[in-house]
Amino acid sequence: MKKILSLLVLIVGTIIFSEPLITATFYNSQLTEALNEVAMQAEVTILTDEYVNGIISADFTDTPVASVLTTLLMPGGFSFKKINDKTYFVGLADPRSKTFSYLAEKKFIKLNYISPEDFIKLVPDSFLSYIKINYIDNGLIFYAPEEKIKYLTEIIKEVDKPQTDIKLNIYVLEVDKQYSSLLSGNLSTINQNLGDSFSYTNQTVSFSVNNLFQAQLKMFESENLANLVSNQSVYIKPGKTLNINILNNKNIVMNIDGKDSIKTVNNGISISILPTYYNKKIDLEISSEISKLLGVSGNSYDTTKSILQTKVSLNPNEMIMIANLDMNQFSDTKSGFPLLREIPILRFLFSNNLNSEGNKRLMIFVNAVGGEIK
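Each residue of the sequence shown is one higher than the last, beginning at 1 in the UniProt record's numbering.
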């Protein structure tokens with residue numbers, strides 16, 4: 001029993017005294033002198049690079065070496081690395097320094113939900129020199145001191161999470177002109193009732209604005225007052241831009257100096273949609289560039305270009321009308337530019353299905369739902 005007890009005391013004693021403890025007071029002392037004092041008390045060697053200098057004031061009582069070094073080096077932005085049990089290296093953790101490799105660790109992290117470029121935007125500028133991008137694996141490689149890698153890793157844990165999607169339900173309708181106001185008026189009533197007073201709860205049955213709006217559509221269709229041309233759902237990532245190009249470029253044959261040449265002229269609309277989702281509110285920033293060929297006369301042609309922007313705010317599950325157009329606008333090349341609120345932002349979904357009768361109106365409704373995980 002005595003032998004076993006002596007062995008336990010020896011092991012505990014080794015653990016307790018294996019890490020030297022520092023007791024010292026520094027007041028307006030040179031950093032290099034403070035490091036020398038720590039080295040003497042701990043009976044270790046502390047090597048420094050040419051950049052280590054400065055004035056330090058600090059007080060330590062029975063403090064481990066690593067904690068002392070962290071405190072002393074913090075004001076000057078220096079780092080240290082334990083080379084072995086008896087040697088530490090202290091220096092400036094700058095990739096341009098010839099001693100950087102002695103201070104830096106390396107770590108690869110694969111991003112699951114965000115892109116490396118998006119992560120870079122969230123990192124303080126002083127950390128950018130420690131980061132390299134691995135585009136093949138959607139990952140990052142850190143070359144930095146241990147404490148800085150720990151800081152960057154904590155940022156990744158906070159931001160690399162499943163992203164919510166914004167789901168847009170788009171309804172494209174052909175409606176008799178005389179009933180278009182009735183349909184839009186009914187929509188306003190649905191939104192108001194659903195938001196202010198409509199409620200129904202059941203474990204197996206639920207109503208939404210989509211259910212009520214679709215019921216209205218079926219009623220209009222049954223009376224041949226409206227035709228549902230398209231019903232599409234589009235998922236968009238918040239903060240990501242969705243680009244839609246609806247172009248019908250024109251080739252114009254021109255004769256210059258007796259030689260025919262073909263000139264391609266842009267004709268159509270390019271749209272970018274930037275959605276954001278915050279505090280259960282959905283904002284859609286819509287930017288459109290419209291290029292139109294007005295006419296061709298001999299070897300000349302007239303074109304015009306317009307860049308338009310607008311922003312629409314929606315409540316989740318709210319239905320809005322974003323277009324109410326006379327069908328004649330689609331065939332009249334001299335009608336000018338529609339208002340922003342009238343731009344059919346998803347015309348590519350239904351451009352081949354439209355009826356060109358003059359007594360029809362094109363109506364586009366959008367219902368937005370946010371916070372879905374995709």
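C-beta: ideal position from N, C-alpha, C; glycine also.
Can you tell me the Cα-Cα spacing of residue i and residue j, whole angstroms?
i, j, result
"Gln214", "Ser306", "35 Å"
"Leu182", "Leu225", "11 Å"
"Leu362", "Val229", "9 Å"
"Glu223", "Tyr113", "48 Å"
"Lys132", "Ile141", "5 Å"
"Gly54", "Lys110", "39 Å"
"Ile252", "Thr304", "16 Å"
"Asp176", "Gln232", "22 Å"
"Glu318", "Leu168", "10 Å"
"Thr48", "Glu117", "35 Å"
"Val90", "Phe80", "4 Å"
"Leu284", "Leu173", "22 Å"
"Ser300", "Glu289", "23 Å"
"Ile320", "Lys121", "34 Å"
"Asn28", "Thr70", "17 Å"
"Lys311", "Glu50", "55 Å"
"Glu33", "Ala39", "10 Å"
"Met254", "Val296", "10 Å"
"Leu212", "Asn324", "20 Å"
"Tyr135", "Thr61", "48 Å"
"Ile364", "Glu221", "16 Å"
"Thr241", "Tyr278", "16 Å"
Whose C-alpha, out of the options, is nearest the C-alpha of residue i?
i, options, result
"Gln41", "Lys259, Gln178, Pro64 and Tyr51", "Pro64"
"Leu103", "Asp94, Ile109 and Lys250", "Asp94"
"Pro275", "Thr71, Asp85, Ser288 and Tyr235", "Tyr235"
"Tyr179", "Tyr135, Pro145, Leu152 and Asn227", "Asn227"
"Lys107", "Gly76, Thr71, Ile156 and Lys86", "Ile156"
"Val68", "Phe100, Tyr88 and Met254", "Tyr88"
"Asp125", "Asn134, Asn138, Met219 and Leu152", "Leu152"
"Pro20", "Gln216, Pro145 and Thr45", "Thr45"
"Lys82", "Asp137, Met74, Thr61 and Glu105", "Glu105"
"Ala58", "Leu314, Leu242, Ser101 and Glu37", "Glu37"
"Gly239", "Leu217, Leu73 and Thr164", "Thr164"
"Ser313", "Asn266, Val366, Asn324 and Ala34", "Val366"
"Thr264", "Ser270, Lys250, Gly258 and Met254", "Lys250"
"Ile282", "Gly295, Asn315 and Gln309", "Asn315"
"Ile56", "Lys148, Glu50 and Gly77", "Gly77"
"Ile149", "Ile166, Ile136 and Val123", "Val123"
"Lys86", "Glu43, Pro75 and Ser101", "Glu43"
"Asn266", "Lys237, Tyr130, Asp302 and Thr23", "Asp302"
"Ile286", "Leu217, Asn243 and Met219", "Asn243"
I'd like to confirm the pairing. Which residues does DSSP put opposite residue i in its beta bridges?
i, result
"Gln178", "DSSP lists no partner for Gln178."
"Gln232", "Ile170"
"Thr304", "Lys292"
"Met319", "Asn367"
Buried or exposed for residue i, going by 16 or more other Cβ atoms inside 10 Å?
i, result
"Leu128", "exposed"
"Lys292", "buried"
"Val369", "buried"
"Ile262", "exposed"
"Ala66", "exposed"
"Lys360", "buried"
"Ile166", "buried"
"Lys280", "exposed"
Determine the extent of the alpha helix (DSSP H) in which residue i is found, giving its start and end residues.
i, result
"Ser129", "Segment: none, Ser129 is in no alpha helix (DSSP H) and carries neither H nor E."
"Asn36", "Leu31 to Ala42"
"Pro116", "Pro116 to Leu122"
"Ser97", "Run containing Ser97: none; DSSP gives neither H nor E here."
With residue i as the anchor, note down where its beta strand (DSSP E) starts and where it stops.
i, result
"Ala144", "Gly139 to Ala144"
"Thr61", "Ile55 to Pro64"
"Lys280", "Lys280 -> no beta strand (DSSP E), and no H or E assigned at all."
"Glu105", "Glu105 to Lys110"
"Lys86", "Neither: Lys86 is in no beta strand (DSSP E) and is coded neither H nor E."
"Thr264", "Lys259 to Val265"
Under 8 Å from any heavy atom of the ligand ATP, does the C-beta of residue i make it?
i, result
"Gly139", "Among the components modelled here there is no ligand, and therefore nothing to report on the ligand ATP."
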